[in-house]
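To keep things clear, I will list the structure first and then write my remarks on it.
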Amino acid sequence: MRHKVSTLLYIIALMVITMGAASCSDPRTYDRYKSVSLQGWSRNDTLSFDIPRQWEGNYQLDLCLRAAQTYPYRNISMIIERKVIYYRQRKKREKTYNDTINCEIINDKGILVGQKGISNTEIRQAITAFRLNRNDSMHVTIRHIMSRESLPGISDVGIRLLKK
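Mapping of the sequence shown onto the working numbering: position 153 corresponds to residue 1582, and the numbering continues sequentially without gaps.
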């Protein structure tokens, strides 16, 4: 009886350690999508993301898109404004960075790039890598700068923040 109890406790402890180690391996600290209009993503529609305070460290910001075969171009160009909000000596300070991203949606063969889904494809592209101090937060805005006023075929736009 004592042998069965110790074996059971050993198995439970091993399972807890394994689950604990597996749960800490995800580097994502922020991962959100915003839907855009089904009629098309309008040039005036700016998408905003508020990233809460983070721990000190090196981070990578990724752009995430969900696109359908109805997208009329091969690429999409966007402006991503990243405002880092930090506090120094009890004063709120901000520093703004602008990135222009050109993301491939459809390859030379006319096929959507990225991870295939049922009705659309998820595309991820690295935007930038940077360092944050403890308690820094960010406000990120994304808008397209294509010549067409409204872009059909884009269903969701998101950002992902990864701790390196």
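Just so it is clear, CB atoms sit at the ideal spot from N, CA and C, and this is done for glycine as well. All of these numbers come straight from a predicted model, not from anything done at the bench.
In this structure, the straight-line span from the alpha carbon of residue 1574 to that of residue 1491 is close to 18 Å. Judged by DSSP in its simplified three-state form, residue 1439 adopts helix. Residue 1512 is a Cβ neighbour of residue 1567, given a cutoff of 8 Å.
Put simply, of 1488, 1534 and 1477 the residue whose alpha carbon is nearest the alpha carbon of residue 1497 is 1534. In the three-state DSSP reduction, residue 1446 falls in the helix class (H, G or I). Residue 1585: member of the beta strand (DSSP E) spanning 1583-1592, first to last residue. Burial is judged here by how many other beta carbons sit within 10 angstroms of a residue's own beta carbon; residue 1507 has at least 16 and is buried.
Of all alpha-carbon atoms in 1580, 1551 and 1524, the one lying nearest the alpha-carbon of residue 1587 is that of 1551.
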